[in-house]
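2 protein chains.
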Amino acid sequence: MPRSVSARPTLPDQDVRLSVDTIVFALEGEQLRVLLVKRPVEPFAGREAIPGGFVESNESLDAAAARILDAETGLRDVYLEQLYTFGAPYIALVRPPAPTPRDGRWVPMGSLGPLAFDHARILEFALQRLRYKLEYSPVGFRLLPQAFTLRGVQNAYETILGRPLDKRNFRRKLLSLKVLKPLARSAREGPHRPARLYRFEEDKWEGLREKGNVFVF
Amino acid sequence: MPRSVSARPTLPDQDVRLSVDTIVFALEGEQLRVLLVKRPVEPFAGREAIPGGFVESNESLDAAAARILDAETGLRDVYLEQLYTFGAPYIALVRPPAPTPRDGRWVPMGSLGPLAFDHARILEFALQRLRYKLEYSPVGFRLLPQAFTLRGVQNAYETILGRPLDKRNFRRKLLSLKVLKPLARSAREGPHRPARLYRFEEDKWEGLREKGNVFVF
DNA sequence: CCTACTTAGTGTAGAATCAACACTATGAAG
DNA sequence: CTTCATAGTGTTGATTCTACACTAAGTAGG
C-alpha cells in the first residue's frame, strides 16, 4: 500500500529516493522539547535537522523510521506513529457542473466497488479529512458554483457530512461568520420563490481561526 | 523541501519510484462523487483506482499531480490542494526521563535555531498536529510516565498548548472521560501532600469519539 | 507533638452556546 | 387572483463553558 514519505528535493537528479523524517517530542519540566541532529553531510552540513534518512528497497516505512531513528540518535523502543496513515496527499475539488472526464468515471461515494491497492481506505480517509476540513476551512465553497444560495451550501454540507442540518441554525451560523457577500441577483430555477445568491469572500476568511471562530455542525 | 508522496509497494524491488494520487471530489445533486479510473496495467489491471502516477525526476509534486490528473482523466484547471503540507509523517513520543540520545540533542521548542531544509515549518506543523491530536486522542499520556498525577497531566497539556488551564475544570473534564484508573499508591515527591497516581486505561478510550466525546481545553 | 508550609483536592453560579421547533413571505405559473 | 413550493425568519430550554476560593492532608522542622 502507498505510504507517507518524503523526498529530499536537493538530491541529484538521477533517481529520486525516499526519505522518512521523524519528529521526536519529549516533555522536560515546563518545556516541550524536540530532538534534532546535526547534519554531517551536504546539503545543509552542520545545520541542525529533524532526524531522517532514506528508505532502503524492500523496507517498510515503519521499519525504516525505526531503523533511521536508531541509527541517527540511538533511540529505540519509543512510541512511533505515522503522522498520516496514507500518503496520497492530493485532493481536488471541482465546481458543478462537473466536467466529463475524458477517461475514468464519476462514482458516488456510496456505491464504490472493489478498488485497486488500498484505495478504498484512502478514499474513506480523504472523506474524513474533507469532513473535518469543512469545520475550519472554506473548502466547501470550492465544490459550489461561484454564486450560490444558502440552501445550496446547506445541501453541500449535508451531503458531505451525511446527515441533515437544521435550516435556521445553519443559516445563522454561516452568516455570523461574515464571509458571504449577498449578490444583487437571485437564483431563478423552478417555478418557486428564488433565493438570494451569495459569493464567498476569500479574504474575509483569513484570521477567523485566530479569533477562535469555528464552524461546526 | 520534502513533500508528501506515496510509493507503490507492488513495484519491482530495484528502485523505488514516487507516485502521487489525487482524489477528485464533486457534488452532483445529493451525491458526493469521486473520480475513479480503470487501471490499464498490472497490478490490479481492470480494477478501478484513484488517478495516480509516478513523479518524474526534476518535477515538483504539485506539477506531477496536475500533469498526471490531466493525463489520466483529462481534467485540468481544478482546485488542487496537497492534503498535507509536509511529508515527514512520523512523530515519536517518549516518556520521561527522556533518554539521552547518543547523537543529536534535545532542543526546547521555544528556542530553535536555523534548521536544515524546511524543517522549521515541519516542526511548527507537527506541533499543531500534536495540539489538535490532544483534543481527540490520548497521545498526551504517551509523553507521561505510566503512573502520573492529575497535576502532571495538566502540566503536560499546558506545556503543549502553551497556555494555562483551570485546575478544577481540567480535572472535572479529564475524569469525566472515565479513562483513568486511580492507583493505590500516591506520588511522594517534595515535602508536601502527595497526589494520587493514575494510570491511563487504553481500552477505555476506544469508542469515546463515536460517542461524540471530545476533550477540548 | 505541634506548627508551618505547600500542594492536593473540591462546587457553584452566571454566561455563552447549542438544539429543537413552525410559521409567514414571495415569486412563478396557470 | 389562486395555488404551489421554496425562501426566509426568533425564541426557549438544555447544555456546556468559564471563572473563581477555600479546606484537606502530608512532610519537615522545631
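Each protein sequence line maps, in turn, to chains A and B. Its first residue numbered 1, the first sequence is counted upward by one per residue in the working numbering. Its first residue numbered 1, the second sequence is counted upward by one per residue in the working numbering. Glycine is no exception: its CB is placed at the ideal position from the N, C-alpha and C atoms.
Problem set entry | Alpha-carbon to alpha-carbon, W205/B and H192/A | Distance between the alpha carbons of H192/A and W205/B is about 50 Å.
For this session: Return helix, strand or coil for L93/A, following the three-state DSSP convention.
Result: strand
Exercise. Using a Cβ-Cβ cut-off of 8 Å (strictly less than) and excluding sequence neighbours within five positions of Q31/A, which residues of its own chain qualify?
Worked result: none
Exercise. Does any CB atom of chain A fall closer than 7 Å to the CB of F200/B?
Worked result: no
For this session: Spell out the partners DSSP gives Y132/B in its beta bridges.
Result: None; Y132/B has no bridge partner.
Problem set entry | Residue range of the alpha helix (DSSP H) that includes R172/B | K167 to S176
Exercise. Hey, is F125/B's beta-carbon within less than 7 Å of any beta-carbon in chain A?
Worked result: no
For this session: Would you kindly report the start and end of the unbroken alpha helix (DSSP H) that includes G53/A?
Result: No alpha helix (DSSP H) contains G53/A, which is instead part of the beta strand (DSSP E) from G52 to F54.
For this session: Using a Cβ-Cβ cut-off of 7 Å, state whether A64/A counts as contacting chain B.
Result: no
Exercise. Leaving out five residues before and five after R76/A in sequence, what residues of the same chain have Cβ atoms less than 6 Å from its Cβ?
Worked result: Exclusion of the five residues before and after R76/A leaves D70 as the residues of its chain whose Cβ lies within less than 6 Å of its Cβ.
For this session: Report the three-state DSSP secondary structure of D21/A (helix, strand or coil).
Result: In the three-state reduction of the DSSP assignment, D21/A falls in the strand class, which pools E and B.
Exercise. What are the residues that DSSP puts in a beta bridge with K38/B?
Worked result: E48/B
Problem set entry | Cross-chain neighbours of D203/A in chain B, by beta carbon under 7 Å | Correct list: empty, because the minimum Cβ distance to chain B is about 17 Å.
Exercise. Is it right to say E72/A is buried, meaning 16 or more other beta carbons lie within 10 angstroms of its own, or is it exposed?
Worked result: buried
For this session: Check the C-beta distance from L35/A over to G104/B and give it rounded, since I have them as a contact under 8 Å.
Result: 5 Å
For this session: Could you tell me whether any Cβ in chain A is nearer than 7 Å to the Cβ of V216/B?
Result: Model confidence at V216/B stands at a pLDDT of 49, short of 50, so the residue's coordinates are unreliable and nothing is read from them.
Exercise. Listed in chain order, which residues of the region 142 to 154 of chain A have Cβ atoms closer than 8 Å to some Cβ of chain B?
Worked result: Those residues of the region 142 to 154 of chain A that come within reach of chain B (Cβ to Cβ, closer than 8 Å) are R142, L143 and L144.
Exercise. Would you say L197/A and L174/A are within 7 Å of each other, going by their C-beta atoms?
Worked result: no
For this session: Please check if any C-beta of chain A sits within less than 7 Å of the C-beta of V179/B.
Result: no
Exercise. Once you ignore the five residues that flank L150/A on each side, which residues in its own chain have a CB closer than 6 Å to its CB?
Worked result: R171
Exercise. Roughly how many angstroms lie between the CA atoms of R188/B and L165/A, to the nearest whole one?
Worked result: Between the alpha carbons of R188/B and L165/A lies a gap of roughly 52 Å.
Exercise. Would you report the Cα separation of F44/B and Q128/A, rounded to the nearest angstrom?
Worked result: When rounded, the distance between both Cα atoms is 25 Å.
Problem set entry | Beta bridge counterpart(s) of E189/A as assigned by DSSP | Residue pairing of E189/A in beta bridges, as defined by DSSP: absent, with no partner found.
Problem set entry | DSSP state of A195/B mapped onto helix, strand, coil | coil
Problem set entry | Q154/A in three-state terms, based on DSSP | helix
Problem set entry | Neighbour list for G74/B in chain A, Cβ cutoff strictly below 9 Å | P99, T100, P101, R102, D103 and G104
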